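Reviewing the structure listed below.
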Amino acid sequence: MASPGYGKRSAPGQAPRDPHTFAHLPAREAYIASHIDRLPDGAAMDAKTLAKELPYGQQAIRTALNNLSEAGHLRRVREPAGDGTTQWVFRTYFSRTARGDAWWERWLNEGDEPQPDAKPQRSPAYDALATLGLADPRLALSARECADLEPLAAEWLARGIPPAQLITALTAGLPASVHSPAAFTRRRLREKMPPEPPLPAAPLGRRIMECTSCRTPGRPEALSGGLCRVCRGVDVPDAGVSAQHEVVVRAHVARIRAGIKRGGRA
């Protein structure tokens with residue numbers, strides 16, 4: 160059994176295994192991903208162990224794991240060991256279905272993937288649009304028109320506007336006649352769109368993400384693609400520019416000192 164730090168854990172809600180699952184990846188990454196995908200949960204997937212099982216060296220596998228992380232197939236996290244203990248363990252979650260940063264962040268905070276079949280067949284946004292005709296016959300919409308306008312109405316609700324307030328905003332001050340209720344409603348939905356509310360602080364989940372490469376812990380939004388800024392090359396200083404800057408600063412200080420001395424002799 161693998162040590163807790165490297166044991167594989169499968170991410171939830173993955174699509175069924177398919178021969179073309181990893182066709183979007185380079186050959187090496189696709190080969191390694193296919194191997195990891197078939198490993199049972201708990202199996203070791205550190206570079207040293209994988210190098211013994213695959214025709215690649217440890218450095219090549221580390222690079223491939225970083226690439227798989229950026230492609231959305233894995234994240235390294237720190238989480239409670241369970242059984243009521245206060246011990247934390249380090250695990251690597253793998254998903255044959257590529258996930259974006261937002262999905263990983265939501266799952267880390269909530270612990271579970273929202274079930275797709277839990278969504279009601281008719282959303283509150285659709286129901287609000289379907290109610291417009293009852294509030295004012297001049298804005299009566301067909302089922303197809305409600306479905307077309309649903310994304311815009313849903314954006315209102317996502318910004319904190321309740322359905323009743325949405326209906327009031329759309330029906331207030333209507334002209335004497337509305338020739339095209341759908342076009343009129345679409346224009347109002349766009350032109351009167353409320354501003355986005357400030358984002359609340361994200362709750363601290365039970366899992367803490369780590370950089371796939373150097374294992375530095377950090378919040379998900381700071382680890383784009385599962386990698387920290389240094390490992391992505393964002394914070395790597397340019398040695399040549401730094402040295403040149405230091406020379407310029409020293410020359411400027413020398414000129415200031417010389418001016419002070421001259422002023423003193425005067």
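Counted from 1, the sequence shown has number 256 at position 97 by my numbering; the numbering is strictly sequential.
All C-beta atoms, glycine included, are put in the ideal place defined by N, C-alpha and C.
All of these numbers come straight from a predicted model, not from anything done at the bench.
By a beta-carbon distance limit of 8 Å, T330 contacts A294. Their separation comes to about 5 Å.
Spanning the alpha carbons of Y252 and S228 requires a straight line of approximately 10 Å. Looking at the DSSP output, Y252 shares a beta bridge with R168, R234. Its chain contains no residue whose beta carbon lies nearer than 6 Å to that of A219 once the 5 sequence neighbours on both sides are disregarded. A203 and G166 do touch by the CB rule: their CB atoms are close to 7 Å apart, below 8 Å.
Here W262 is actually not in contact with R234; their C-beta atoms are around 10 Å apart, not less than 8 Å. Inside the region 180-223, DSSP marks whole alpha helix (DSSP H) runs of 4 or more residues at positions 186-197, 206-212, from first to last along the chain. Per DSSP, reduced to three states, the secondary structure at I367 is strand. Distance from the Cα of L267 is smallest, within the candidate group P379, A289, A257, G392, for P379. Within its own chain, the residues whose Cβ lies closer than 7 Å to the Cβ of A284, once the five positions on either side in sequence are excluded, are E309, A312, A313, L316, listed in chain order. The criterion of a C-beta distance shorter than 9 Å is satisfied by E369 and R237.
Looking from the CA of L224, the closest CA among A299, A174, P185, T344 belongs to P185.
D177 has its alpha-carbon roughly 33 Å from the corresponding atom of P376. Given a length threshold of 4 residues, each whole run of the alpha helix (DSSP H) inside the region 274-346 is given here in chain order: 283-294, 302-317, 322-330.
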